[in-house]
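Working notes, beginning with the structure itself.
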Amino acid sequence: MSEWTLVIHGGSGSMRRGVLPEAEDEGGRAGLEAALKAGGAALDAGGSALDAVEAAVRVMEDDPHFNAGRGAVFSWDGANELDAAIMDGTSRAAGAISSVTTTRNPVSLARKVMEDGRHVLLSGAGADEFSRDKGLEQVEPDYFALAERRRQLDEIKAGGGFDSAMKYG
Amino acid sequence: TVGAVAVDAQGHVAAATSTGGLTAKRWGRIGDSPLIGAGTYADDRACATSCTGSGEIFIRAVAAHEIAALVRFGKLGPVDAAGSVIAEIGAMGGKGGVITVGPDGTGGWAFNTPGMYRGILRSGEAPRVAIYD
């Protein structure tokens, strides 16, 4: 086989047409195309599927249109807590992280967990410490925070909480 | 939630998922995305899958691994398997979607919510993206 395929999804946190402003719609489409381009470039260069999925997800993590990395939603306590996972179908090696707060690209931290090989899922402050030990790019928590996401949190808290929160996942 | 699945020129598959979770999540809530088998799974003998949606339902359905099992043992194609699992998730009260691809390049998506942003690119073809379409 000499051909490859890349498929992506990118959630904005809005579930209804009409709620999404036109500029956000256009930005989301542009972000998806950029992610496909990044992953496709890796595959065109002979890279692995693993390289491609990491490259594509990193683009969407950096793009504020999506609920991951920069642009992630807020927790009840007003923090951006990030989760990610990656898995290699060849060996079924896998790595995952949850509730990290300072790693710019959580998917790359998940890959470091996988490549380290001792564990599959690290969480919280320990995962942040592992990230620093592995030399991944660190950012201040404010890097992830956007005003629109804060507004969504405020709206949900004003409405009483969890049920209405399903709009923004 | 964002995610990607791919099959490379050697026929190997991989999956990745990344998310901020659910707005106003409390008590250390974790969804399906970082749980291997629930929100993310890859197996060259079946397919690679990344999920987005009602995390608690995807966890209970072990969605990504269930799709792989339907491909490996049930002999379904990845997209048909994905459709079956999304239908089951809907019956459990869940909403969301998955992307999936097999080692032979067969792939696509299944979802039961109108707003899943998605895209696909195959070698030698133009990219296709869709929102609500």
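Top line first, the protein sequences correspond to chains R and W. Its first residue numbered 254, the first sequence is counted upward by one per residue in the working numbering. Its first residue numbered 127, the second sequence is counted upward by one per residue in the working numbering. Just so it is clear, CB atoms sit at the ideal spot from N, CA and C, and this is done for glycine as well.
{"Check": "Buried or exposed by the 16-neighbour rule on C-beta atoms within 10 Å, applied to Q391/R", "Outcome": "exposed"}
{"Check": "Unbroken stretches of the beta strand (DSSP E), 3 residues or longer, contained in the region 155–204 of chain W", "Outcome": "166–168 and 174–179"}
{"Check": "Assigned exposure category for W257/R - 16 Cβ within 10 Å defines buried", "Outcome": "buried"}
{"Check": "Cross-chain neighbours of A325/R in chain W, by beta carbon under 7 Å", "Outcome": "G146"}
{"Check": "Terminal residues of the alpha helix (DSSP H) in which F383/R lies", "Outcome": "G377 to D386"}
{"Check": "Any 3 or more C-beta pairs closer than 8 Å across the region 135–143 of chain W and the region 381–396 of chain R", "Outcome": "no"}
{"Check": "Between the CA atoms of P204/W and R385/R - distance to the nearest angstrom", "Outcome": "38 Å"}
{"Check": "Separation of D330/R from G377/R, as counted between CA atoms", "Outcome": "15 Å"}
{"Check": "CB contact below 9 Å: K151/W versus chain R", "Outcome": "yes"}
{"Check": "Chain R contact for R101/W (CB, 9 Å cutoff)", "Outcome": "Any question about residue 101/W goes unanswered here, given that chain W covers just 127 to 259."}
{"Check": "Collapsed DSSP secondary structure at L399/R in the structure displayed", "Outcome": "coil"}
{"Check": "Whole-angstrom distance between R404/R and P274/R, CA atom to CA atom", "Outcome": "15 Å"}
{"Check": "Chain-order list of residues whose beta-carbon lies under 8 Å from that of A254/W (same chain, five-residue window excluded)", "Outcome": "Sequence inspection shows Arg at residue 254/W; the Ala mentioned does not correspond to that position. Answer for R254/W: G245, I246 and L247, listed in chain order."}
{"Check": "Proximal residues of chain R, C-beta to C-beta of H191/W below 7 Å", "Outcome": "Result: empty, since nearest Cβ-Cβ is about 10 Å, beyond 7 Å."}
{"Check": "Supposed close pair A130/W, A309/R - CB separation, criterion 8 Å", "Outcome": "4 Å"}
{"Check": "Endpoints, beta strand (DSSP E) assigned at S344/R", "Outcome": "First-last for S344/R: undefined, no H or E at that position."}
{"Check": "Classification of E307/R by the beta-carbon crowding that lies within 10 angstroms, buried from 16 upward", "Outcome": "buried"}
{"Check": "9 Å Cβ cutoff, V306/R in contact with chain W", "Outcome": "yes"}
{"Check": "Exposure label - Y258/W; buried when at least 16 CB within 10 Å", "Outcome": "exposed"}
{"Check": "Unbroken alpha helix (DSSP H) run spanning L296/R, endpoints", "Outcome": "E275 to D297"}
{"Check": "S111/W versus D278/R, G263/R and A276/R, residue with shortest Cα-Cα distance", "Outcome": "Given a span of 127 to 259 for chain W in the structure shown, any question on residue 111/W remains unanswerable."}
{"Check": "Straight-line Cα distance separating L161/W from D297/R", "Outcome": "30 Å"}
{"Check": "G165/W versus A411/R: straight-line alpha-carbon distance, rounded", "Outcome": "30 Å"}
{"Check": "Contacting residues, own chain, Cβ-Cβ under 6 Å from D336/R (five flanking each side not counted)", "Outcome": "S351"}
{"Check": "Same chain, Cβ closer than 8 Å to G216/W, five either side skipped, listed in chain order", "Outcome": "N238"}
{"Check": "DSSP-derived helix/strand/coil call for I101/W", "Outcome": "For chain W, the structure presents residues 127 to 259; residue 101/W sits outside this window and is missing."}
{"Check": "Contacts around R364/R, its chain only, beta-carbon distance under 8 Å, and the 5 residues preceding and following it disregarded", "Outcome": "L303, E307, I339 and G348"}
{"Check": "P240/W classed as buried or exposed, judged by whether at least 16 other C-beta atoms fall within 10 angstroms", "Outcome": "exposed"}
{"Check": "Contact set for M242/W: own chain, Cβ-Cβ below 6 Å, skip 5 residues either direction", "Outcome": "G223"}
{"Check": "F319/R at chain W interface by Cβ criterion, 9 Å", "Outcome": "yes"}
{"Check": "Test item: CB-CB of G342/R and D206/W under 9 Å", "Outcome": "no"}
{"Check": "Any C-beta of chain W under 9 Å from that of E275/R", "Outcome": "no"}
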